[in-house]
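Following: one structure in structure tokens, then a few remarks.
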Amino acid sequence: MASPKRLPYSSAGAGGGGGARRGSGALPPVVVLVFLFVLAPSIFFVVRSGGHVHVASDPKGADGNQETDWQEQLATNNLKSVLSKEVIDAIAASQQETGTLNLDFFRDHPSPSWKTDDLVDHKMNTNLVVDDKAKTQNSSAEHVPLIYKAPKDGSVIVHADGHQVDTAAKIARRKLREIRREKRAMDLVRKDDEALVKLENAAIERSKAVDSAVLGKYSIWRKENENENSDSTVRLMRDQIIMARVYSVLAKSKNKHGLYQELQSRIKESHRAVGEATADADLHRSAPDRMRAMGQVLTKAREELYDCKVISQRLRAMLQSADEQVRSLKKQSTFLSQLAAKTIPNSIHCLSMRLTIDYYLLPVEKRKFPRSENLENPELYHYALFSDNVLAASVVVNSTIMNAKEPEKHVFHLVTDKLNFGAMNMWFLLNPPGKATIHVENVDEFKWLNSSYCPVLRQLESAAMKEFYFKADRPTTLSAGSSNLKYRNPKYLSMLNHLRFYLPEIYPKLDKILFLDDDIVVQKDLTGLWDVDLNGMVNGAVFTCGESFHRFDKYLNFSNPHIARNFDPNACGWAYGMNIFDLKQWKNKDITGIYHKWQTMNEDRVLWKLGTLPPGLMTFYKLTHPLDKSWHVLGLGYNPSIDRSEIDNAAVAHYNGNMKPWLELAMTKYRPYWTRYIKYDHPYIRGCNLSE
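Residue numbering for the sequence shown follows UniProt numbering, beginning at 1 and increasing consecutively.
This is the structure in structure tokens:
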């Protein structure tokens, strides 16, 4: 029979023969009794006794200490059997550094290195553990209290006395968040302080490092435009020159002669590098070096001379000066454009001279046009064209015939002056308009048109008009005081410009006639105009007024009582250049007489300036029928923003203005509408170097 197990801490009377009879069933009560009477009092004395417990890591050393009483020795031995070696070592190490330990010490010195562990077994047993970090962290003066370790996903630590505090990780995260917030706040403050100087410094730095800079921003003194431009470098250099001029004035005023000379030198170099360039590709190859050098001297000048108030005053003065220069140049430009509009290109003059010579070399019998019987037939479509420009007249006739549905029914009545009479005849003899009829007349052969009948001719013979047009010492430029230069154009002296008021006298047997200027191009068949019902009016024209322009007050002097009494300043203006006239109504209403009346009253040019549109507006006032705008588009001689579809859909395109299509100053995008009707391979045109 097996002998019974013996308890390690049994007394002498606990054994005997009874042990074999009770067996192992008596073992648990004995263990409980031992714990209650031995271990429990020992733990109680350690915790509650007023004395101190000295925990030694070496059991031999503990046994050798004669001063320790038997309770302490018993408690120490029993704690060693319950606590792990790591706990005993930690307590011993702390004791050596801080003295003997007691419970009050742990309460006063909590440490985050003791944590509650997860429940690792299925019986929900709680074990006391020490965090691995305690081995390194507690080697210093930190004290280690016993605590329970919270679950891994928790955020608090539960101390032995029930006090809860945040974990070290959470405290660290909170500190990091506070640091980040402080950093962001400091960054915002710093950015706010630097915002004003960044724009200025960026320009200087860009000039210093021009080789690697993106030069798509032309202005270095304000917030940059982010769009890349082909002229960005040119603009940047011009801005540098402007600022250099400002700083040079400041340097001179403050007696900084060295800096002044350096700025002047850089300005000259930059001017030479830029030259007349309008795009970066046109710049001299030295431009980047000049720009970098200018940037460096501007940096120096800014450091020595920068004063926001003074610089703004100087820039304002420069702006005013530039504005005055612009006004002066605008006046000069107007004068030059008017001068160019007066001239005839050498190539056209050459064409006229060659044609004139060849015409007078022709036999008289070969100078006649065919189908002269159509000239007075009211059943046909008649056109009136008054011009001294052979090439322009040829475009009008050619474009009309090429777009006509029945060319044989069209009759052209051309009137020119004596100088161009031979050239006009010779051109159309050599280049007849197909089956259409054409006839050329000389205005000087109209004997009825004289100063006794025509107020304009009478006024041109007056001393005041001669002085206005021909006085040698009068100002020759607008900037010098000359006004309304456009009305000094020689065309206003020519009767060709005033013949439009004498149509019934020139063509007495016709009922209707279409008047065309020589600066138009016909793009569609015009016979529909003869079918327009004018409702008893004399003139059919396209009205040109908008909300505030091309109204009567633009052309007439309403401060004059005669004008103010008879006309409405808001009445709508209309266009000369393509007008269908009912000659029967003309005669009935005595249109020519009305024109003579107003022309006579304007001898001193007090009602309107010279020209034919103002008297036309007055003569045909309330006698003009509005035509659809698609018949006539205007402005190709001055307006660059006309919609292309509007031009393409118009029956007539009019180059009114100074930029006539035969002049070099013509707008290139409109010129093809005119040049398509010229045969540049014609011997006369090629011989006079006329080209597209």
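Each residue gets a CB set at the ideal place from its N, CA and C atoms; glycine is no exception.
Exercise. Quick one: complete alpha helix (DSSP H) runs, 4+ long, within the region 338 to 367?
Worked result: 346 to 360
Exercise. Taking the Cβ atom as the reference point for each residue, do Y381 and M426 lie within a distance shorter than 8 angstroms?
Worked result: no
Problem set entry | I592, enclosing alpha helix (DSSP H) - first and last residue | Going by the sequence as given, residue 592 is Thr instead of Ile. That run of the alpha helix (DSSP H) goes I591 to M601.
Exercise. Is it the case that the Cβ atoms of V390 and N431 are separated by a distance below 8 angstroms?
Worked result: no
Problem set entry | V411, buried or exposed, once every other Cβ within 10 Å from all chains shown has been counted against 16 | Around the beta carbon of V411, 16 or more other beta carbons sit within 10 angstroms, so the residue counts as buried.
Problem set entry | Beta bridge counterpart(s) of F581 as assigned by DSSP | I513 and N539
For this session: Please report how far the alpha carbon of K405 lies from the alpha carbon of L375, in whole angstroms.
Result: 19 angstroms
Problem set entry | Boundaries (first-last residue) of the alpha helix (DSSP H) holding P561 | P561 to N566
Problem set entry | For F412: DSSP bridge partner residues | Y383 and I438
Exercise. Any idea if A436 is buried or exposed, counting beta-carbon neighbours within 10 angstroms, 16 or more meaning buried?
Worked result: buried
Exercise. With 16 as the cutoff for other CB atoms within 10 Å, does S286 come out buried or exposed?
Worked result: exposed
Exercise. Anyone know if the C-beta pair for T619 and W598 falls short of 8 angstroms?
Worked result: yes
For this session: Could you work out which residue in E692, K175 and A244 is closest to A293 when comparing CA atoms only?
Result: Out of E692, K175 and A244, A244 has the C-alpha closest to the C-alpha of A293.
For this session: Kindly indicate which residue of I647, G540 and I594 has the alpha-carbon position closest to the one of P626.
Result: G540
Exercise. Helix, strand or coil: how does DSSP classify I242 here?
Worked result: Shown here, I242 sits in a helix according to DSSP, grouped into three states.
Problem set entry | Bounding residues of the alpha helix (DSSP H) (the contiguous stretch that carries T400) | V390 to M402
For this session: Just mark L329 as buried or exposed, buried being the case when its beta carbon has 16 or more other beta carbons within 10 Å.
Result: Its Cβ having fewer than 16 others within 10 Å, L329 is exposed.
For this session: Count the other C-beta atoms from every protein chain shown that fall within 10 angstroms of the C-beta of D518, then say buried if there are 16 or more, exposed otherwise.
Result: buried
For this session: Tell me whether N689 counts as near the ligand ZN, meaning its Cβ is closer than 7 angstroms to at least one heavy atom of that ligand.
Result: Within the structure as shown, the ligand ZN is missing, as the structure has no ligands at all.
For this session: Consult DSSP for W574 and reduce its assignment to one of helix, strand or coil.
Result: strand
For this session: Take the Cβ of K679 as the centre, count every other Cβ of all protein chains shown within 10 Å, and call the residue buried at 16 or more, exposed below.
Result: exposed
Problem set entry | Helix, strand or coil at E224 [DSSP, three-state] | At E224, the pLDDT of 41 sits below 50, so the modelled position is not reliable; the number obtained from the coordinates is stated separately. Looking at E224 - three-state DSSP - the assignment turns out to be coil, as it is neither helix nor strand.
Exercise. To the nearest angstrom, how far is it from the Cα of A687 to the Cα of E276?
Worked result: Note on identity: in this sequence residue 687 is Gly, with Ala being the wrong assignment. Looking at the two C-alpha atoms, the distance is approximately 35 angstroms.
Exercise. Of all the options R644, Y247 and I685, which has the alpha carbon lying nearest to the alpha carbon of P672?
Worked result: Selected option, being the one with the closest Cα: R644.
For this session: Throw me the rounded Cβ distance for the residue 701 and Y684 pair, which I believe falls under 8 angstroms.
Result: This structure cannot settle anything about residue 701, because the visible part of the chain is limited to 1 through 692.
For this session: Mind checking which residues open and close the beta strand (DSSP E) that includes T299?
Result: Careful: T299 lies outside any beta strand (DSSP E), inside the alpha helix (DSSP H) at A287 to L305.
For this session: In angstroms with no decimal places, state the Cα-to-Cα distance between N398 and P433.
Result: 7 angstroms
Problem set entry | Boundaries of the alpha helix (DSSP H) in which V274 is found, first to last residue | Here the alpha helix (DSSP H) through V274 covers H257 to V274.
Problem set entry | L298 and K254 closer than 8 angstroms at C-beta | no
Exercise. I520 lies in the beta strand (DSSP E); which residues open and close that run?
Worked result: Going by DSSP, I520 is part of the beta strand (DSSP E) stretching over I520 to V522.
For this session: Enumerate in chain order the residues of its own chain whose CB-to-CB distance from L429 is below 8 angstroms, with the five nearest sequence positions on each side excluded.
Result: Y359, L362, K366, R367 and F369
For this session: Assign Q523 to one of two classes, buried (16 or more other C-beta atoms within 10 Å of its C-beta) or exposed (fewer than that).
Result: In summary, Q523 is buried, with 16 or more beta-carbon neighbours lying within 10 Å of its beta-carbon over all protein chains present.
Exercise. Helix, strand or coil: which one does DSSP assign to P614?
Worked result: Of the three classes helix, strand and coil, the one that applies to P614 here is helix, per DSSP.
Exercise. In chain order, what residues of the same chain have a beta carbon less than 6 angstroms from the beta carbon of E269, not counting five sequence neighbours either side?
Worked result: R290
Exercise. Considering only the beta carbon of each residue, do I591 and L529 sit closer than 8 angstroms?
Worked result: No. Outside cutoff.
Problem set entry | Length of the line joining the Cα atoms of K331 and D533 | 45 angstroms
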